[in-house]
Structures are given as C-alpha cells and as structure tokens.
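For what it's worth, my numbering labels the leading residue of the sequence shown as 82, then goes sequentially. Below: the structure, in structure tokens.
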Amino acid sequence: ANLQVVVAFRMLPEVVWAMPEYGTFNLHASLLPQYRGAAPINWAIIHGEKETGLTTFFIRHEIDTGNIIKQVEEPIYSEDTAGSLHDRLMIRGADIVVDTIKAIEKGDYTPIAQRDSGDLRKAPKIFKEDCIIDWERPAEEVHDFVRGLSPYPGARTQIHDTQYKILLTKKIQSKIEGPPITIL
C-alpha cells in the first residue's frame, strides 16, 4: 500500500505506520490538539463543550500529535449523548476520510503542525471507577457527565446496596425543598 488509513486503533509500531510512501493518517473524533486520547467524544460532552469535530492527521510516534491534514467542526447539541454524537461523527468521518485521500492523491493539502498551548484538554481512556456520579457537583455538570457516558460505559451511582447505571437525565425547575440535586 502507498497510503494507510487508521481509525480507532491502539498505537501501531513505527515499522507499520512508516511503511507507505505517502504515510499513514488517522481519523480522530476531536478538533486536535484538543482532546487527544482514547475517549474524545465522551470527554467533550462531560466538559460541557458546545462544539467538537473531526481531524485527519499523519501519524507520528507521539499519540495524536501529527500534522493535521483536514478538520471539520460539528456542534454538540444539548440533547446529545456520547452515542448520538458518535453516530453523527461516524457518518461525517467517512466523508472526511475520502476527502483526505483525494487531497493526498492530488497533493492538494498543507499539513499544519499542532500547537501545544497550556490549556489543552486530554481524553484519556475511561475506566469503571471514572463513571461514578458525584452528586455534590452542580446539576449541569452531573447532566453533562451522564450524557458523556451514555450509552457506554454508563454513569453509575449506588443507592443503599444497589448499583444503578444512569443513561439519561433531565434538568427541570423544581419547587422541591431539599438538596440541590434530588433523585426522583
């Protein structure tokens, strides 16, 4: 092959990704350099972002740091979950991969080096212990946390001796007296 494309992969050995004449590029579900890592869709929603996107970039040794080829933006709607955003990005991702291949074939692109500013958000892999809801957080943050983990791996809470997976929350104005977050 004279060009390789990878999507949702673990780090490949350099001998593999450096093999093709035109290189190897990756499709990443964020606007790099923001949200480098394994779970960019989840973390963007968890952090309450209003926009994300897709980036194609040439692979190099450090994860998600190669020169950018193309980027497209995608809004994050207030009702989005990680699942719904993933599905939209999946459809758009097919188009940007094809556009990137055509641009490389024609030599019609200018690779852009990623700039590392001090305010980059990371997107590390999410483990079961990362999914526990902190009910002391503001309602908006709890809502975004649940959306960012839905449907997989799912936000979790324990009430008495029973563990629950929470996949959907709804913010409402309430006249109920009590703590800022009430589970109904």
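Heads up, the beta-carbon is just placed ideally off N, CA and C, and yes, glycines get one too. Because the structure is a prediction, the values reported are computed rather than measured.
{"Check": "Candidates 135, 107, 226 and 100, of which the one nearest residue 211 by Cα", "Outcome": "226"}
{"Check": "Proximity to residue 202 [Cα-Cα], best of 177, 196, 173 and 124", "Outcome": "124"}
{"Check": "Given 8 Å, three or more beta-carbon pairs between the stretch 143 to 158 and the stretch 182 to 194", "Outcome": "yes"}
{"Check": "Segment contact, 8 Å Cβ cut-off, at least three pairs: the stretch 216 to 231 with the stretch 244 to 253", "Outcome": "yes"}
{"Check": "Local Cβ density within 10 Å of residue 158, reported as buried at 16 or more and exposed below that", "Outcome": "exposed"}
{"Check": "Exposed unless 16 or more other CB atoms sit within 10 angstroms - verdict on residue 145", "Outcome": "buried"}
{"Check": "Length of the line joining the Cα atoms of residue 180 and residue 189", "Outcome": "10 Å"}
{"Check": "Local conformation of residue 170 per DSSP, three classes", "Outcome": "helix"}
{"Check": "Cβ-based burial, residue 198 [other Cβ within 10 Å; buried from 16]", "Outcome": "exposed"}
{"Check": "DSSP state of residue 241 mapped onto helix, strand, coil", "Outcome": "coil"}
{"Check": "Secondary structure of residue 150, DSSP reduced to three states", "Outcome": "strand"}
{"Check": "Residue range of the alpha helix (DSSP H) that includes residue 221", "Outcome": "220 to 229"}
{"Check": "Outcome for residue 90 when other beta-carbon atoms lying within 10 angstroms are tallied against a minimum of 16", "Outcome": "exposed"}
{"Check": "Pairwise C-alpha distance: residue 112 and residue 176", "Outcome": "16 Å"}
{"Check": "Other residues of its chain near residue 192: CB distance less than 7 Å, five sequence neighbours each side excluded", "Outcome": "139, 148, 149 and 150"}
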